[in-house]
Each structure stands twice: as structure tokens, then as C-alpha cells.
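> Numbering (full-length UniProt numbering), first residue to last: 1 to 203. Every residue, glycine too, gets a C-beta built ideally from N, C-alpha and C. In this text the structure is predicted, and so the values were computed from the model without any measurement. Shown below is the structure under consideration.
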């Protein structure tokens, strides 16, 4: 299974997966509860900057370089979200909602960057274990949550690879020319992920 984990030794890396997940989830919920106002964009950006600066990612720029990479990776999601919001809402709500979604994505990215997949699986499984009483398969649910967390960064990376390949061939920027190869590589990744899960006895 593809992992985006990057080795490190800061306090966030050393924090157990369970408490780390709860901490980042509370941060995400805090961002999502911000009102649809102009100042929300600045607040969401500030929260993201502080989170990456305090994470101790050792990128030589207080986390700003890594945050920039994460934002670049989800640039298409940001643009599509902003465009869709502008069609149905006013500029203020569109900018605020996009900022909240973007901050949530980069904060979730911190969890994937600083935690091994095996640790995430174990933490989710332990947290979901009480739900077995009502028939929830904690192992399958934990795997689903882990895969979901990594989906957006993986798709963003695939989108970047498609664009780089098109630039190398001298192709002009075009949404129509981008969508087809992106769908192909995304479906290929989905097939590979499905095969990997099937090999582990999960249907």
C-alpha cells in the first residue's frame, strides 16, 4: 500500500498515533466550525502555518516548505472547490469555505506525513473496537479510514505526475487533455490498491 510517511524525530513523530489523530481531528473540526467570513481565510491560513511550524518537520523553513508542497499537491482540489463555491455562493462564503477545506486537507496531511500506516491502522482499530458490539468490523473500518486519509494526497501526486508528463511532451495546458490521462492513472491506482487488499484477504 502506498504511504506518504516521511521519517522524522520531532515531538509530533514521537506522539502516539491515537492522541495525534485526536489532536489533528480537533484542529480540523475547529477550522470547519469557523464562520463564512473574510477573516476565516486568514485564520485558516494562520492555523495551518502554526501547525506545520510546530510539527518539527525539519524542512529548513519552519514547515513552510512542506506546507507549500502540500498546497501545491492539492491545488486542483482548491481551484475546483473555489470555482464551484463561486457559482452558487458569494465571494466571501466561497473564499471562506475553500480556506476551511484547504486547511483541513493540509492538517490531515500532517497525520499521514508523520505517522506510519501500520501505526494508524492499530490506532483506528483500537478506537473502533468497542463498536464490535453492534456488528462493526473494526479491522475493515480502520483500513477504510486509513486508505481514505491517503487518497487525496495520492490523487494530488498522480495529478502532478500527469501534468509533468504533459509538459515534458510539450502539451498545452488544457482541462480536457488533463482529465482523461488522470482518470486512467487514478483507475490504475485503484486496481492496484484493490489487488493489494484482495491479497490480504479483504474483499
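Does residue 209 come out as helix, strand or coil in the three-state DSSP assignment?
Because the chain spans 1 through 203 in this model, residue 209 falls outside it and cannot be assessed.
> To the nearest angstrom, how far is the alpha carbon of residue 14 from that of residue 55?
Spanning the two alpha carbons is a distance of roughly 11 Å.
> Note down, in chain order, each residue of its chain lying with its Cβ closer than 8 Å to the Cβ of residue 32, except the 5 sequence neighbours on either side.
100, 104
> For residue 188, does the count of other Cβ atoms within 10 angstroms reach 16, so buried, or fall short, so exposed?
exposed
> Three or more C-beta pairs closer than 8 Å, one from the stretch 178-187 and one from the stretch 157-165: is that the case here?
yes
> When you compare the CB positions of residue 122 and residue 17, do they come within less than 9 Å of one another, or not?
In this structure, residue 122 places its C-beta atom within 9 Å of the C-beta atom of residue 17.
> Beta-carbon within less than 8 Å of residue 67's beta-carbon, same chain only, minus the 5 sequence neighbours each way: which residues are those?
Here residue 67 has 48, 49, 52, 106 as same chain residues with Cβ atoms under 8 Å from its own Cβ, once five neighbours each way along the sequence are excluded.
> Would residue 120 be called buried (16 or more neighbouring beta carbons within 10 Å of its own) or exposed?
buried
> When DSSP labels each residue in this structure, what does residue 104 get in the three-state scheme?
If DSSP states are grouped into helix, strand and coil, residue 104 belongs with the helices.
> With distances taken between CB atoms, is the gap from residue 115 to residue 20 smaller than 9 Å?
When the beta-carbon positions are compared, residue 115 and residue 20 come within less than 9 Å of each other.
> Exposed or buried, what is residue 97 when buried is set at 16 or more other beta-carbons lying within 10 Å of its beta-carbon?
buried
> Determine, using beta carbons only, whether residue 85 and residue 94 come nearer to each other than 9 Å.
yes
> From this set, 109, 34, 46, which residue's C-alpha is nearest residue 72's C-alpha?
109
> In angstroms, rounded to a whole number, what distance separates the CA positions of residue 111 and residue 61?
19 Å
> Using the beta-carbon count (16 or more within 10 Å), is residue 57 buried or exposed?
buried
> For residue 34, which of helix, strand or coil comes out of DSSP?
The DSSP-derived three-state label of residue 34 is coil.
> Note the first and the last residue of the continuous alpha helix (DSSP H) segment covering residue 13.
First-last of the alpha helix (DSSP H) with residue 13: 11-14.
> Leaving out five residues on either side along the sequence, give the residues of the same chain with a beta carbon under 7 Å from the beta carbon of residue 63.
52, 53, 55, 57
> Looking only at its chain, what residues have a beta carbon closer than 8 Å to the beta carbon of residue 11, apart from the 5 residues adjacent to it on each side?
56
> Please report how far the alpha carbon of residue 182 lies from the alpha carbon of residue 83, in whole angstroms.
20 Å
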